[in-house]
Each structure stands twice: as C-alpha cells, then as structure tokens.
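Worksheet for the structure shown next.
Number of protein chains: 2
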Amino acid sequence: MNLARARSTPDLLLDAAERLFAERGFDATSLRDVTRRAKANLASVHYHFGSKKGLIHAVIQRRLDPLNRERLRRLDLVARRGRPELQAILDAFLAPTMSVWQENPHFMRLAGRILSEPDRDLLDFFLAQFDEIVVRFRAALVRAVPDAPVEELFWRMHFVIGAMCHTWTASDGLEKISGGRCRIGDGEKALRRLVDFCTSGFRAPLNGKEGR
Amino acid sequence: MNLARARSTPDLLLDAAERLFAERGFDATSLRDVTRRAKANLASVHYHFGSKKGLIHAVIQRRLDPLNRERLRRLDLVARRGRPELQAILDAFLAPTMSVWQENPHFMRLAGRILSEPDRDLLDFFLAQFDEIVVRFRAALVRAVPDAPVEELFWRMHFVIGAMCHTWTASDGLEKISGGRCRIGDGEKALRRLVDFCTSGFRAPLNGKEGR
DNA sequence: GTCTATAAACGGATAGAC
DNA sequence: GTCTATCCGTTTATAGAC
Chain A
3 MNLARARSTP DLLLDAAERL FAERGFDATS LRDVTRRAKA NLASVHYHFG SKKGLIHAVI
63 QRRLDPLNRE RLRRLDLVAR RGRPELQAIL DAFLAPTMSV WQENPHFMRL AGRILSEPDR
123 DLLDFFLAQF DEIVVRFRAA LVRAVPDAPV EELFWRMHFV IGAMCHTWTA SDGLEKISGG
183 RCRIGDGEKA LRRLVDFCTS GFRAPLNGKE GR
Chain B
3 MNLARARSTP DLLLDAAERL FAERGFDATS LRDVTRRAKA NLASVHYHFG SKKGLIHAVI
63 QRRLDPLNRE RLRRLDLVAR RGRPELQAIL DAFLAPTMSV WQENPHFMRL AGRILSEPDR
123 DLLDFFLAQF DEIVVRFRAA LVRAVPDAPV EELFWRMHFV IGAMCHTWTA SDGLEKISGG
183 RCRIGDGEKA LRRLVDFCTS GFRAPLNGKE GR
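Residue numbers (the working numbering), protein chains in the order written: chain A, 3 to 214; chain B, 3 to 214.
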C-alpha cells in the first residue's frame, strides 16, 4: 500500500535467494550468503520460512504460479475459437517463459535446473505445480493432433520442454560454442526459433518411417 | 592384464563417484560417501585425483572421451558417401548417447545436469571436450542444409541438445507426468522418437512464416 | 600406496534476550 | 519481528606413520 516503504524482509530474502540460487545452485548457497545479501539476520530465514527448504519452495512458487496462470490464460484464448492450432498451443506454453526470462533471467535459469535436480523432494514439489497445466494442455493437443496417440503427445511435449529449458538456462553455452555467432539478445528471436522448431518437430510423421 | 584381479582403487573410486554424483549431485556427495562406497580410504581420493574437482573431471572424461569418438566415427561413415542426410547426421550425434545411457544410465543423468551447472569451471571443462565435435558436425550440417545460415544451424542444434539431455536425465519425470503411459524402457524407442522429432524440427521453414 | 588423526572452516538450526 | 550466541554435525584437505 505504502509505495515509498522499503520491501519487506521476506521479499528481500526471496530476491536474494533467487539470485544466489540461480548463480551458484541450492547447495552451494548458504543461508548466511542469502541473509548477507538481503541485509537481514540469519535467523530471519527460519522465522519467515521455517527452513532452507521452505525458502527454496517459496522462491519457486512465487514465480511459477503467475507463469502457469498466464499459460492457462493464453490457452483459453486459443481454445475458445474452435479447433486449436498446434503452433498456437505451443506458443501459449512457451511464450510466458520468455516473459519471465525477460523480467527475471535468474529464475528461469534456476527453474531449468530443477528438472534435472537429484533431490527428489524438490523435483516432486516442482512437478506438483503443473497438475492443471498437464491436464489442460493435453486436452488441447489431443484436439489439435487427433490422429496421434496420447503417448506420442507426451513424448513430444517432453522434447519441447527439454529444448525450452536448455534455451533459457544454457544460452551462454550456445554463445560460447557458436563462437559468439548466437546471442540470445532480448529473447524474442530465440522464442520464435524455439516455437518454430518445436512446432515442426511436433509434426514429425507418426509412423517414424519418413526419410529413413 | 590379469583378468581375475580386482579393479584398481582409482577405478573403484570412479565407479562409486559416478554413481553417487548422478544420484545426489556433486555438492550433495561427500568424499566420505565416495570412499565408503568404494571401500577405499578417504585420503586415496587426494592421492589419485588431487582433489574433489580432480575426481569430478576424471569421472566426466572417462565416459565423454569414448562417447565423442564414437560420434565422430559414425559421422565419418555418414559423410564419406556423398552429401550427408540430415537424419543420419543427427543419428550419429544422438545414437551414441543412448548406448552410453544403456550401459551406464548414471553417467547420462550426470552429464545432462552439467550443462545447467552453475559452476563455471566445471561447465568450461565440460564444453572443452566438444571442440572437435562442434567443428566436424557443423561442417556436415552446412553440407546437409546448405540454404540455412550457420547461425540457424547452431540454434537448432541447441534445441536438439536440450531435447536430448532432457530425454536421458528426466525420463522418470515424464513417466510420472504421463501417469505411467510413457516409459523409457530400453531406450531404443525413445531414441527413435527423439531423432524423428529433431529431424523434423530441423526442417522447420527458414523464414519462420509457415503456419502463422 | 594405504591408513589414522587432525586441522580449519562452514553448514543448518535453535534458544532466548530484546 | 529481530538479533546474538551457540550447538553440533559435516566438509575438504593434509601431515605423517606404516
């Protein structure tokens, strides 16, 4: 309400944690690092979030919640007018990740890494945020590609997710490998390339015989 | 030479480390965990590998070296006979990862995770193993898709790598999300799906206007 | 090459004053 | 809500005996 007021301690902790988790990883970031950056007290983490794990969960949920709501909002717009276009569905899924990346590249790097996290608890918590996304996008894909088995749709979305995560988390690796040719820039062109690649990949022949 | 002899201490350490690093991550695995599993002494790690980082590098190089040699061997077979087929090139790049995954799923999970590693030193060491791969596959792709700008080829390979890593590292996540519908099984079918998806994605129209 | 013992530092968590 | 002090376990790394 009071716009001039400084950010609250929980917010400062979340900001600092998000940044450090993204830069160094969860394990390599101590609560002492977080509180030092947030200019808060060490014990404040346990007061506000209960534990380090509680802080990690809060960092994830703060961004994932609006991200997935935006995905569903866009999917609604697409699905409302008749049979949905494959490319429009993929765009509804992928485009919001670019917005988050633009506003907060730290979080997207962090999110991409969680999917390959060894910590089962953390992975399960993360995946649980996607229950509605899975149901709704699956339904849309079935309508858009009715001749594909559902199993095939899941596999192809798996590849889409892999390409997506790699785009936002490893774009500096691409820049290095390409000798500086490929820069992610503001993300707009990268998103368009990503959507085009995925749409075309999704249209691979279903019998898998083509071109062999 | 002596086939009946037990494996050497360095090998036992590498085996144990590979397994634990894959299951728990680098940070969450202590040298005590490694030496306990290898039934070796704590100090043996420093004697044979100098440090924990030295051990990590050795674990990576032991598998990556033959993997990338196999990629180049297959690429040679493909490129020898005239203009290479796009699908054959991608197969030469992707198929060896399945072989490694079959023989040692632990390592592939580990390798996939390194690409999103926050530790810059480790990422740089990892990427340095791919210098020859980048040069040789780029040349083949230029021949196979001559009308595409090199920049576009790099981006598309970036997406291929993302899909590939996600396939071998997060396949259990797919199984969970798909409600048990999608299992990676022996990897053969997953590889075929992956190659088909990537080949088709690679053939996306170059102007990016199709279907919009 | 292998082992014990230990150094030196850092981790998350908590009790209790304010 | 904030802060200090502290508990207690763990970490990598090394010195030096065998």
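Note that beta-carbon positions come from the ideal geometry of N, C-alpha and C, so glycine has one too. Since the model is a prediction, treat every value here as computed from it, not as a measurement.
Outcome for residue i when other beta-carbon atoms lying within 10 angstroms are tallied against a minimum of 16
{"i": "Glu212 of chain B", "result": "Low local confidence applies: a pLDDT of 46 at Glu212 of chain B is under 50, so the model's placement there is unreliable, with the coordinate-based value given in what follows. So Glu212 of chain B counts as exposed."}
{"i": "Met3 of chain B", "result": "With a pLDDT of only 48 at Met3 of chain B, under 50, the local geometry of the prediction cannot be trusted, and the value read off the model is given with reservation. Met3 of chain B should be labelled exposed."}
{"i": "Pro68 of chain B", "result": "exposed"}
{"i": "Leu96 of chain B", "result": "buried"}
{"i": "Gly52 of chain B", "result": "exposed"}
{"i": "Gly114 of chain A", "result": "buried"}
{"i": "Ser10 of chain A", "result": "exposed"}
{"i": "Phe199 of chain B", "result": "buried"}
{"i": "Glu134 of chain A", "result": "exposed"}
{"i": "Gly175 of chain B", "result": "buried"}
{"i": "Pro148 of chain B", "result": "exposed"}
{"i": "Glu20 of chain A", "result": "buried"}
{"i": "Arg38 of chain A", "result": "exposed"}
{"i": "Ser32 of chain B", "result": "exposed"}
{"i": "Leu79 of chain B", "result": "exposed"}
{"i": "Leu44 of chain B", "result": "exposed"}
Candidates the options, of which the one nearest residue i by Cα
{"i": "Lys55 of chain A", "options": "A:Phe28, A:Gly181, A:Arg71", "result": "A:Phe28"}
{"i": "Asp93 of chain B", "options": "B:Pro148, B:Arg76, B:His108, B:Arg83", "result": "B:Arg76"}
{"i": "Asp121 of chain A", "options": "B:Arg111, B:Asp78, B:Val162", "result": "B:Arg111"}
{"i": "Arg34 of chain B", "options": "B:Arg82, B:Val47, B:Glu25", "result": "B:Val47"}
{"i": "Glu72 of chain A", "options": "A:Arg138, A:Trp170, A:Arg39", "result": "A:Arg138"}
{"i": "Asp13 of chain B", "options": "B:Gly84, B:Thr31, B:Gln131, B:Gln63", "result": "B:Gln63"}
{"i": "Val144 of chain B", "options": "B:Arg21, B:Arg38, B:Glu87", "result": "B:Glu87"}
{"i": "Glu153 of chain A", "options": "B:Ala130, B:Gly182, B:Val162", "result": "B:Gly182"}
{"i": "Ile116 of chain A", "options": "A:Pro98, A:Arg158, A:His59", "result": "A:His59"}
{"i": "Gly84 of chain B", "options": "B:Asp188, B:Val36, B:Ala146, B:Leu57", "result": "B:Ala146"}
{"i": "Asp188 of chain A", "options": "A:Ala30, A:Tyr49, A:Val102", "result": "A:Val102"}
{"i": "Glu109 of chain A", "options": "B:Phe109, B:Glu105, B:Ser118, B:Arg26", "result": "Glu is not the amino acid found at residue 109 of chain A; the sequence shown has Phe there. If we check each option's Cα against that of Phe109 of chain A, B:Ser118 comes out closest."}
{"i": "Phe128 of chain A", "options": "A:Met166, A:Arg140, A:Asn70, A:Val36", "result": "A:Asn70"}
{"i": "Pro107 of chain B", "options": "B:Leu57, B:Ser173, B:Val136", "result": "B:Ser173"}
{"i": "Val197 of chain B", "options": "B:Pro98, B:Ala42, B:Asp123", "result": "B:Pro98"}
{"i": "Gln2 of chain A", "options": "A:Tyr49, A:Asn43, A:Ile186", "result": "Since the first residue of chain A shown is 3 and the last is 214, residue 2 of chain A is not available in this structure."}
Whether residue i touches residue j by CB criterion (7 Å)
{"i": "Val61 of chain B", "j": "Leu125 of chain B", "result": "no"}
{"i": "Gly164 of chain A", "j": "His160 of chain B", "result": "no"}
{"i": "Ser180 of chain B", "j": "Phe204 of chain A", "result": "no"}
{"i": "Met100 of chain A", "j": "Leu22 of chain A", "result": "no"}
{"i": "Ala208 of chain A", "j": "Ala150 of chain A", "result": "Note that residue 208 of chain A corresponds to Leu in the displayed sequence, not to Ala. A contact, by the Cβ cut-off of 7 Å."}
{"i": "Cys184 of chain A", "j": "Glu177 of chain A", "result": "yes"}
{"i": "Ala40 of chain A", "j": "Ala24 of chain A", "result": "no"}
{"i": "Phe89 of chain B", "j": "Thr171 of chain B", "result": "Note that residue 89 of chain B is Gln in the sequence shown here, rather than Phe. No. Outside cutoff."}
{"i": "Ala142 of chain B", "j": "Ala81 of chain B", "result": "yes"}
Taking only beta carbons into account, state which residues of the segment 94–112 of chain A come closer than 8 Å to chain B, listed in chain order.
-> If the cut-off is 8 Å between Cβ atoms, the segment 94–112 of chain A has Arg111 near chain B.
Short-range partners of chain B found in the segment 172–188 of chain A, where Cβ spacing is below 7 Å | Among the residues of the segment 172–188 of chain A, those with a Cβ less than 7 Å away from any Cβ of chain B are Ala172, Gly175, Leu176, Lys178, Ile179, Ser180, Arg183, Cys184, in the order of the chain.
Taking Cβ-Cβ distances below 7 Å as the criterion, which residues of the segment 17–42 of chain A are in contact with chain B?
-> Taking 7 Å as the Cβ-Cβ cut-off against chain B, the residues of the segment 17–42 of chain A that qualify are Glu25, Arg26, Gly27, Asp29, Ala30.
Output, in sequence order along the chain, the residues in the segment 189–200 of chain A whose CB is closer than 8 Å to any CB in chain B.
-> Along the segment 189–200 of chain A, the positions whose C-beta sits under 8 Å from a C-beta of chain B are Ala192, Arg194, Arg195, Leu196, Asp198, Phe199, Cys200, read in chain order.
Going along the chain, which residues of the segment 150–163 of chain B sit with their C-beta nearer than 7 Å to a C-beta in chain A?
-> With the criterion set as a beta carbon lying under 7 Å from some beta carbon of chain A, the members of the segment 150–163 of chain B are Val152, Glu153, Phe156, Trp157, Arg158, His160, Phe161, Ile163, in sequence order.
Using a Cβ-Cβ cut-off of less than 8 Å, give me the residues of the segment 129–152 of chain A that come near chain B, in sequence order.
-> For the segment 129–152 of chain A, which is checked against every Cβ of chain B, the residues closer than 8 Å are Leu129, Phe132, Val136, Val152.
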